[in-house]
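My numbering puts the first residue of the sequence shown at 4, with every later residue one more than the last.
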Amino acid sequence: MTTTTTRPGALVTGAGRGLGRAIAELLADRGYLVMVTDLSGEAASAAAAEIGRGALWAEVDVREHTQVERARDELIAAAGSLKVWVNNAGVLVTGPAWEQSEELRKLHLDVNALGTINGTVAAIDAMRGGAGPGPGGHIINIASLAGISAVPGEAVYAASKHAVMGFSSSTVADLRLAGVKNIDISCVCPDGIWTPMLYDKLEDPQAALSFSGVLLQPEDVVKAVGKVLDKPRPVTAIPHWRGAIARLGAAFPRLGSSALPLLAAQGRRVQKKLLRTNGPARR
């Protein structure tokens, strides 16, 4: 494929619907040639068509590094560069770790953690010039407040998001030690977001913590991603006050554990209310 545009390239994983699709549209609005990737090729194709502006799409399983690299190379061939990469693909199945199958535990770690690692490495290869013209760019990893503190009912999910946080901060350190200063990695850590990931969790008590704060709309997170695009930050918690609580709980585990039953009870009340109202009111 020959280069067809001089617009900078941007790739978003898990962008067939929900938050990923909204982020892809934000990037298109900002003048990027966007590559929409998703496990479902049908969803990726439909999202790219709706976004328009030449948006590309690819069916990608983020667990497979070769598929991730193939989508990256197609984008670079079309755009001529890769400047932004957003690792958004993720899964959430609730329940204590001992009640989840080995297959399900592996799915969380492979999609949420390994998928983010695969995407980040593929992006760095291009942004450093190893797999494309380079140089420089911005990688945004969609983590979670579950990557900062304990989340009962979502232990394996939290483990995968803690892995994302540790990997991201360590990789930034490796880049700086290698003398690479023009590649940034930002982690965005939202509270619960009203997207397909939570649509079927209203009757799930194990998901109560995801409903215990201000249930976010996708546009709330997209707005934060836009700010991070303008000014890279290692960690952005949404909302900030929930991030402060999460960090406090992580710093003082005994105190955090004592507060969790109260937060879970609040989350269950919100779940019951949302069941009665068929979802949150738009703000």
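Don't be surprised by glycine CBs; every beta carbon is placed ideally from N, CA and C.
In whole angstroms, what separates the C-alpha of residue i from that of residue j?
i, j, result
"S261", "A162", "20 Å"
"G12", "K230", "19 Å"
"R56", "A247", "39 Å"
"G44", "V71", "14 Å"
"V114", "R279", "33 Å"
"G259", "P155", "11 Å"
"V183", "A267", "43 Å"
"S84", "L78", "8 Å"
"G282", "Q269", "16 Å"
"L263", "A50", "38 Å"
"A129", "P138", "8 Å"
"L95", "P208", "14 Å"
Answer yes or no: do residue i and residue j have a C-beta to C-beta separation smaller than 7 Å?
i, j, result
"A25", "P221", "yes"
"A31", "V37", "yes"
"L212", "W197", "no"
"I143", "S189", "yes"
"A146", "E157", "no"
"T239", "V167", "no"
"N91", "G34", "no"
"V175", "V89", "no"
The beta strand (DSSP E) with residue i in it runs from where to where?
i, result
"P193", "I186 to P193"
"V238", "V238 to I241"
"N90", "V87 to N90"
"M144", "Just to set this straight, residue 144 is Asn in the shown sequence, not Met. N144 -> beta strand (DSSP E) spans G140 to I145."
Pick helix, strand or coil for residue i, following the three-state DSSP scheme.
i, result
"E77", "helix"
"L219", "strand"
"M4", "For M4, the pLDDT reaches just 42, beneath the cut-off of 50, and the residue's location in the model is therefore unreliable, leaving the point undetermined."
"L30", "helix"
Per the DSSP calculation, residue i is bridged to which residue(s)?
i, result
"T40", "A61"
"A13", "V37 and V87"
"I196", "L219"
Following the continuous alpha helix (DSSP H) through residue i, name the residue where it begins and the one where it ends.
i, result
"K164", "A158 to L180"
"K275", "P256 to T280"
"K109", "E105 to H111"
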